[in-house]
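Basically my numbering = 1-based index in the sequence shown + 1209.
A virtual CB, placed ideally from N, CA and C, is assigned to each residue, including glycine.
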Amino acid sequence: MGYKVSIVGISGAVGQKMLELLEVSPIKVDSLRLFASNKSLGKKFPFRGKKYKVEQFDETMDDDIVFFAISAKFAIEFAKKIIGKVGKIIDNSNGHRMMLDIPLVVPSINGKIIKKKDKIIANPNCSTIEMVLFLDPIYEAYGLKKIIITTLQAVSGSGLRAVSALYDETRDFIENRSVKNKFYPHPIAFNVVPFIGHILGNDYSDEEIKMTNETKKIFGDKKIDIFATTLRVPTFYSHFETIFLESKLPIDIEKLKKEIERDPLLRLLDDKKNYNFPMPISSAGTDIVDVGRMRYGKNKKELFSVISADNLRVGAATNAVRIAEYIVDKHLI
Ligand SMILES: NC(=O)c1ccc[n+]([C@@H]2O[C@H](COP(=O)([O-])OP(=O)(O)OC[C@H]3O[C@@H](n4cnc5c(N)ncnc54)[C@H](OP(=O)(O)O)[C@@H]3O)[C@@H](O)[C@H]2O)c1
């Protein structure tokens, strides 16, 4: 038996990637509907040999799997309208992630929490997904007390308008025109914007708080101390992160490296002879998290490392499609 599938937000950065990944997914799709705003109505996108027209969001939909790749505001509004009629909604936005009764899922880590009765499954933040995929084997083997992260996030993390802004600002700079900010509060070309989202009353940005809260929810562990600093940098694809962690038990780096090499979701790039380490240009376009520069701090319970992963794939669409595959595989629909 196949499934009735829809993607809401098909014309965006995440929606496009989701269609690309669904194309090669083992999920049998009997019918596909694609939605976006009025601006994109009538555009056509190919899928498994046929072309599908973009439609206006339809409250009467009765699809089995609905992917949301839209803003949190629309995700909450649209979910309310269709929740009783559809099978499962997989929401990429921030809208449902911290709601107590909604599972926040990275399937390889906590897929088991999804129940047949769950209607909405939240996809975590892009920087959170790549970080927890790296941390999971460490959490399982050595326990985690503290994590301090700095992210260097690509502009595609803010959607397609931000990608165009970086192109345009870069062109203005190279062609000797004055560079005006076209998307972020400051120019992004040849710059670093030292915050992502809004600065809150506690002086952290909402992106930083998302990483903290979501990581605790995914591991089901409120005791880990997590501090994030999230930065926007002028790269197009793949988020890079530097991570310092304190474990409960001493870490055996060589053993951990072997585990990373065996893990199909991670790739060890820690070749100091050839200076081959994780970089956005090597992780972009892949479905794995690159890990490297691993070294101890003052003892074996302190570890420094860097990671890099494609924010639109690993950090969004790949995880969303993996959630759908998990649901189908476990007959949760
Ligand atoms: N980019 C990332 O790396 C990333 C990672 C994880 C999660 N997310 C989350 O995923 C969601 C989508 O992000 P994105 O980067 O793909 O944004 P985007 O490129 O700006 O795309 C937004 C999408 O929403 C659609 N949309 C807007 N208004 C709509 C309406 N009234 N009805 C139906 N569709 C509507 C847009 O359609 P039109 O083109 O027709 O306007 C477009 O397809 C956001 O919540 C974002 O926070 C993004």
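Check	Outcome
Report yes or no: do the segment 1524 to 1540 and the segment 1225 to 1233 share at least 3 C-beta pairs separated by less than 8 angstroms?	yes
Give me the Cβ distance between Y1535 and P1316, rounded to the nearest whole Å; I'm assuming they're in contact under 8 angstroms.	4 angstroms
Along the chain, where does the alpha helix (DSSP H) that runs through T1360 open and close?	First-last for T1360: 1353 to 1362, but that is the beta strand (DSSP E), not the alpha helix (DSSP H).
Is there contact here, the segment 1366 to 1379 with the segment 1455 to 1475, by at least three beta-carbon pairs under 8 angstroms?	no
What's the call for S1517, buried or exposed, on a 16-neighbour Cβ count within 10 Å?	buried
Is A1398 close to ligand 1? I mean its beta-carbon at under 8 angstroms from any heavy atom of the ligand.	no
Please go through the segment 1485 to 1524 and give each complete beta strand (DSSP E) segment of 3 or more residues, from N-terminal end onward.	1498 to 1505, 1511 to 1518
Run through the DSSP bridge pairs and tell me what V1238 is partnered with.	Y1212
Could you name the residues of the same chain whose beta carbon sits closer than 8 angstroms to that of K1426, not counting the 5 residues immediately before and after it, in chain order?	R1306, M1307, L1313
Would the beta-carbon of R1441 be found less than 8 angstroms away from any heavy atom of ligand 1?	no
Taking the DSSP output, what are the residues bridged to R1476?	D1499
Can you grab the Cα-Cα spacing for the pair F1486 / H1407, in whole Å?	32 angstroms
Contact check, V1515 vs R1441 under 8 angstroms by CB: the rounded distance?	Not really, about 18 angstroms apart at Cβ, beyond 8 angstroms.
With H, G and I counted as helix, E and B as strand and the rest as coil, what does DSSP make of F1445?	coil
Can you tell me whether F1254 is helix, strand or coil according to DSSP?	strand
Could you pull the start and end residues of the beta strand (DSSP E) that D1381 belongs to?	No beta strand (DSSP E) contains D1381, which is instead part of the alpha helix (DSSP H) from 1369 to 1383.
Could you name the residues of the same chain whose beta carbon sits closer than 7 angstroms to that of G1221, not counting the 5 residues immediately before and after it, in chain order?	A1278, G1368, L1369
Counting C-beta neighbours from all protein chains within 10 Å, is the total for I1329 16 or more, i.e. buried, or is it exposed?	buried
Quick one: give me the first and last residue of the beta strand (DSSP E) that D1300 is part of.	1297 to 1300
Would you report the Cα separation of S1240 and K1355, rounded to the nearest angstrom?	46 angstroms
Short check: CB of G1304 to CB of A1284, under 9 angstroms?	yes
Indicate whether A1245 and K1237 have their beta-carbon atoms separated by less than 9 angstroms.	no
T1421: which of H1448, F1436, S1414 sits nearest, CA to CA?	F1436
Taking only three categories from DSSP, how would you classify I1274?	strand
Restricting to Cα atoms, I'd like to know which of D1499, V1275, K1282 is closest to I1292.	V1275
Would you tell me roughly how many angstroms separate the C-alpha atoms of Y1261 and K1466, rounded to the nearest one?	44 angstroms
For A1529, which three-state DSSP category applies?	helix
Taking C-beta to C-beta, are Y1212 and D1272 nearer than 9 angstroms?	yes
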